[in-house]
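Chemist: Numbering (our numbering), first residue to last: 2 to 136.
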């Protein structure tokens with residue numbers, strides 16, 4: 002079982018790659034159905050994750066954030082790492098009404114534990130953000 006975080010959970014919306022949204026140590030999952038997202042959140046928290054490390058965000062909130070993020074960071078450096086491609090996938094899901102579940106799972110054990118729940122749910126996509134790659 003995963004131990005609760007003893008440190009402050011970093012704000013995913015403040016983490017960037019040359020200005021583009023890039024929440025290192027997070028799993029970003031999109032769900033077409035908000036109830037599925039809430040159910041996954043509760044199951045992850047039941048695995049002893051800190052509730053502050055497993056947050057839901059609605060489509061309107063995410064769409065506004067992602068559109069602003071892309072419009073403010075459209076230079077060469079922002080496109081260099083291809084982080085903007087992942088953000089565009091997020092934005093398309095937000096435009097279709099997806100609910101997002103952001104889970105801070107910085108190590109492999111935590112990520113595996115959270116992914117067990119997420120993969121069992123009917124998700125649209127899951128992105129895992131590492132320092133130098135998105136999977």
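By construction, the Cβ of each residue, glycine as well, lies at the ideal position given by its N, Cα and C atoms.
Check residue 104 in the structure and name its three-state DSSP category.
Modeler: Position 103 of the chain shown, counting from 1, holds the residue named residue 104. Here residue 104 sits in strand by DSSP.
Chemist: Can we say the segment 83-94 touches the segment 46-54, given the rule of at least three CB pairs closer than 8 angstroms?
Modeler: No, the segment 83-94 is not in contact with the segment 46-54.
Chemist: Taking residue 39 as the reference, give the member of 73, 114, 11, 102 with the closest Cα.
Modeler: Translated into positions along the chain shown, residue 39 becomes position 38. With distances taken between Cα atoms, residue 39 lies closest to 102.
Chemist: State whether the segment 15-31 contacts the segment 128-135, with contact taken as three or more CB pairs (one from each stretch) at a distance under 8 angstroms.
Modeler: With a cut-off of 8 angstroms, the segment 128-135 and the segment 15-31 count as touching, because enough Cβ pairs lie within range.
Chemist: Roughly how many angstroms separate the alpha carbons of residue 72 and residue 41, rounded to a whole number?
Modeler: Residue 72 sits at position 71 when you count from the first residue of the chain shown. Residue 41 sits at position 40 when you count from the first residue of the chain shown. Approximately 31 angstroms, taken between the alpha carbons.
Chemist: Taking the beta carbon of residue 74 as the centre, do at least 16 other beta carbons fall within 10 Å, making it buried, or is it exposed?
Modeler: On the chain shown, position 73 is the one that residue 74 refers to. Looking at its Cβ environment, which holds 16 or more other Cβ atoms inside 10 Å, residue 74 is buried.
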